[in-house]
Every structure is written in structure tokens, then in C-alpha cells.
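Below is one structure; the comments refer to it alone.
Residue numbers (the working numbering): 26 to 271.
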């Protein structure tokens, strides 16, 4: 009875770690490919938003004439900076024929906001490392003891969780959820909402639209990683049991 209870507790612990592992690995994979910015730039209205709103910017000139390669490079610099404690945010520049020379991409309020984002990522860094390092030994223990959670239960739990979150987003509204999370997470006296006419950062990301696409890609990766590891572990565990019984 005690062993059965421990097995049940382990199943819950392992399922939670598996989900967190999928979340962490999914984020790392997305960050390594610049969150797919090049794809979103071409196919989700970002380049059109830049063409429309960059000429209206109150502070900077000529951004609408930047090339896709320049925008990818600037997004890559932002991505690197927010994963490196904010270092380099003030050193991102662009230059076009009508920009009046090199222009710093980010104004001070934007630098402050992205520094807040960098601080948030730093906060989650060690938990992320823990999950990435803790999951493999837990998986090995689950296989060794025959405690691998059933595939059906894991998939149904994940589907239910995604369903609840998806329903909440539909009921409340993605933009309201996005705004409320910013209110909860970031300091009250730090600006996080920027009009396109005031912010090249918001314009080049077509915020919050880009984050919706990134969220969708992240969710797909989480499902793929979680389900893929669950299938692999269940298959390997079943094979071991079959070999032992022969």
C-alpha cells in the first residue's frame, strides 16, 4: 500500500516536472531561433505594420527603410540582451538613407521596460536550469522502477490544462490577459504600454500580435515535447517489461 501511494505521488511529481521540462526546453528552442521572428515578419503583418507606423514615429526617422536583414539583426540583439541581464540594450542602432545617420533603436522608457523583461528572465533562470537538469534523472528512475505514468493520463491532463487556459483566454480576451499580466509583473512606475507612433520596439514587433504568434508556437512545442517524451518513455518501459517477461 505504501509503495502504491509513493508511486502515485511520484507520478504527480514526474508529470509536473515533465510539463515544466517541456516549457523550459520549448523556450530555449524558440530563443535559439529568434522566436521565429523572420517567419512572423513576413507572414503575420509585421512588415506591413512597420511600413505603416514607422513613418509616423514621433522620435525616430527612416526606420521604414530598414531591410528585413536589419530588423532580424536588431531583434536578435534584443533577444541576446534580455537573456544576458539587459546588457547591450542601449547599443542597438539602425541607419538608412533617411534616418539622418545612425539612430539608437530604443528610447529610455523602452530600455527600462526591456531591462524589466531581462530581470524577469533572470528570475526564472535557475528554476529553468533545475528543471532541465532534474528531469533526465527522474525519467531514468521512473524507467528503472517501472513508475512511468500512463500515456493516456498524461495526454488527457495536458489537453485539459490547455483547454482550461484556452477557454479562459477566449472568455476574458487575450489582450486583457496580456495587459493584466504586465500590470502584475512589472513595476507600477515603469512604462510597458507603448503606442506605435512612440516606439520602434512596439512597431518592429507589432506588439502584442507577435507575442500571440510566439505563444502559439511555444504551446505547440510544449505539446510536442511533453507528448513525445511521454510516448518515448512509455514505449521504452513497455519494451523493458516485455524483455524481462521473455
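Glycine included, every Cβ here is placed at the ideal spot set by N, Cα and C.
Asked	Found
Classification of residue 81 by the beta-carbon crowding that lies within 10 angstroms, buried from 16 upward	exposed
Beta-carbon proximity check, residue 117 vs residue 129, cutoff 8 angstroms	yes
Where residue 129 falls: helix, strand or coil (DSSP)	strand
Minimum C-alpha distance to residue 112 - residue among 121, 157, 102	102
The stretch 206-226 contacting the stretch 138-147, beta-carbon criterion three pairs below 8 angstroms	yes
Length of the line joining the Cα atoms of residue 218 and residue 249	33 angstroms
Identity of the residue in 45, 31, 193 nearest residue 155 by Cα	45
C-beta contact flag for residue 115 and residue 136 at 8 angstroms	yes
Cβ contact check for the stretch 67-75 and the stretch 173-181: 3 or more pairs under 8 angstroms	no
Separation of residue 152 from residue 32, as counted between CA atoms	24 angstroms
Inter-residue Cα distance where the pair is residue 123 and residue 93	17 angstroms
For residue 230, the nearest candidate out of 96, 34, 49 (CA to CA)	96
Proximity below 8 angstroms, CB of residue 225 to CB of residue 85	yes
Inter-residue Cα distance where the pair is residue 191 and residue 243	14 angstroms
Inter-residue Cα distance where the pair is residue 262 and residue 64	39 angstroms
Alpha-carbon spacing of residue 162 relative to residue 110, whole angstroms	30 angstroms
Per-residue burial, residue 49 [other beta carbons within 10 Å of its own, 16 or more giving buried]	buried
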